[in-house]
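Undergrad:
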Amino acid sequence: ADYETITVEQRGRVTLITLNRPKALNALNSQILIDLLDAMAAFDADKGQGCAVITGSEKAFAAGADIKEMQAQGFAEMYGSDFFAGWEQFTRTRKPVIAAVAGYALGGGCELAMMCDFILAADTAKFGQPEVKLAVTPGMGGSQRLTRAVGKAKAMEMCLTGRMMDAEEAERAGLVSRIIPAADLIEEAVKTATTIAEMAPLAVMANKEMVNAAFETMLHQGVQFERRLFHGLFGTEDQGEGMAAFVDKRPGNWKGR
Ligand code: HXC
Numbered sequence: 002a003d004y005e006t007i008t009v010e011q012r013g014r015v016t017l018i019t020l021n022r023p024k025a026l027n028a029l030n031s032q033i034l035i036d037l038l039d040a041m042a043a044f045d046a047d048k049g050q051g052c053a054v055i056t057g058s059e060k061a062f063a064a065g066a067d068i069k070e071m072q073a074q075g076f077a078e079m080y081g082s083d084f085f086a087g088w089e090q091f092t093r094t095r096k097p098v099i100a101a102v103a104g105y106a107l108g109g110g111c112e113l114a115m116m117c118d119f120i121l122a123a124d125t126a127k128f129g130q131p132e133v134k135l136a137v138t139p140g141m142g143g144s145q146r147l148t149r150a151v152g153k154a155k156a157m158e159m160c161l162t163g164r165m166m167d168a169e170e171a172e173r174a175g176l177v178s179r180i181i182p183a184a185d186l187i188e189e190a191v192k193t194a195t196t197i198a199e200m201a202p203l204a205v206m207a208n209k210e211m212v213n214a215a216f217e218t219m220l221h222q223g224v225q226f227e228r229r230l231f232h233g234l235f236g237t238e239d240q241g242e243g244m245a246a247f248v249d250k251r252p253g254n255w256k257g258r
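Those letters in the sequence shown? Residues 2 to 258, per UniProt numbering, in order.
1. In the DSSP assignment, find the unbroken alpha helix (DSSP H) run with Arg-228 in it and report its ends.
2. What span of residues does the beta strand (DSSP E) with Lys-127 cover, start to end?
3. According to DSSP, is Met-166 helix, strand or coil?
4. Check this for me: beta carbons of Arg-258 and Glu-242, under 8 Å apart or not?
5. Where does Glu-169 land, buried or exposed, given buried means 16+ other C-beta within 10 angstroms?
6. List the residues that DSSP assigns as beta-bridge partners of Thr-16.
7. Rounded to whole angstroms, what's the CA-CA distance from Cys-111 to Thr-138? Just pull it up for me.
8. Quick one, which of Ile-35, Gly-13 and Thr-16 has its alpha-carbon nearest Thr-6's?
9. Could you give the residue range of the alpha helix (DSSP H) that holds Leu-38?
10. Ala-64: beta carbon under 7 Å from a heavy atom of the ligand HXC?
11. Around the C-beta of Asp-118, are 16 or more other C-beta atoms found within 10 angstroms, so that it is buried, or is it exposed?
12. Can you determine whether any heavy atom of the ligand HXC sits closer than 7 Å to the C-beta of Asp-83, and answer yes or no?
13. Check Ala-101 in the structure and name its three-state DSSP category.
14. Please determine if the segment 218 to 236 and the segment 121 to 132 are in contact, where contact requires at least 3 C-beta pairs separated by less than 8 Å.
15. Report yes or no: do three or more beta-carbon pairs, one from the segment 194 to 213 and one from the segment 88 to 103, lie closer than 8 Å?
16. Excluding the five sequence neighbours on either side, which residues of its own chain have a C-beta within less than 6 Å of the C-beta of Gln-240, listed in chain order?
17. Between which two residues does the beta strand (DSSP E) containing Ala-122 stretch?
18. Which term fits Val-248, buried or exposed, when burial requires 16 or more other beta carbons within 10 angstroms of its beta carbon?
19. Cβ of Ile-68 within 7 Å of any heavy atom in the ligand HXC?
20. Does the distance from the C-beta atom of Met-116 to that of Phe-91 stay below 8 Å?
21. Should the segment 179 to 199 be called in touch with the segment 50 to 67, which here means at least 3 C-beta pairs below 8 Å?
22. Rounded to whole angstroms, what's the CA-CA distance from Ala-190 to Ile-120? Just pull it up for me.
Shown next as structure tokens:
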């Protein structure tokens with residue numbers, strides 16, 4: 002499909018989605034949400050695709066929600082339309098999604114990166130929740146996901162002052178999984194996504210689901226949830242194939258069932 006605000010490209014089993022509103026530093030407006038949700042649904046439904054990468058430009062992953070679109074809104078419109086609620090749908094994607102962040106990931110941009118399953122950061126990446134400077138707060142989950150990712154001290158300081166974290170600090174704090182030289186970001190992200198996309202698809206989905214459960218449950222329930230999903234995979238053909246392939250010293254040939 003052709004989109005107004007993003008481009009979508011398939012590289013083997015990897016779907017590469019590039020945010021494409023260069024004049025607004027990829028500010029997230031309603032059209033980007035519509036386009037992204039449509040692209041994510043198509044990706045999730047496509048049996049040939051195993052992992053997605055979302056990226057922006059060299060200068061900005063996304064510089065926030067679109068301030069010009071929100072500027073004239075009042076409480077009745079925001080609350081009445083449950084503004085930003087649509088982004089929850091994004092987090093229901095069942096296959097893995099990697100954020101490849103170069104340049105600014107601010108406000109909604111940082112929040113979108115955190116909605117992905119993990120973040121690969123270019124050495125140029127800058128993360129921040131500067132909403133307080135606009136006399137508002139994060140609205141796409143930032144206060145919750147940033148706190149879970151980096152702990153209260155850093156999250157609180159960032160939300161209260163609006164200061165940015167560079168890639169080094171973000172890696173030390175656990176916000177990003179790795180730093181990559183900017184010139185290699187896309188190539189390395191697609192390579193990582195390809196590694197994931199070549200694993201047995203049901204096992205990949207189950208791994209994603211159980212790591213995410215760590216944020217929603219107490220330890221005992223989370224561990225039990227893990228064990229049940231683990232047991233469940235012994236009902237798949239791919240489990241038999243995976244273990245046979247190990248014993249035979251050959252790569253597995255996955256059926257996705
Ligand atoms: C709309 C934006 C935008 C945004 C940048 N632009 N960010 N438009 N929404 N979030 C537009 C600018 O208006 C400008 O358009 C063009 O993109 C280039 O931006 P510049 O500011 O000229 O670039 P630069 O000087 O390099 O500065 C980059 C920047 C700065 C530091 C990232 O743009 C910036 O501070 N942006 C806002 C960051 C922010 O506050 N984000 C949080 C938004 S609120 P023109 O037409 O002038 O060329 C949010 C949370 C939502 O995300 C929840 C609360 C409701």
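Backbone N, C-alpha and C define an ideal beta-carbon position, used for all residues, glycine too.
TA: Based on what the coordinates show:
1. 220 to 234
2. 127 to 129
3. strand
4. no
5. exposed
6. Gln-11 and Ala-53
7. 13 Å
8. Ile-35
9. 31 to 46
10. yes
11. buried
12. no
13. strand
14. no
15. yes
16. Leu-234
17. 119 to 123
18. exposed
19. yes
20. yes
21. yes
22. 9 Å
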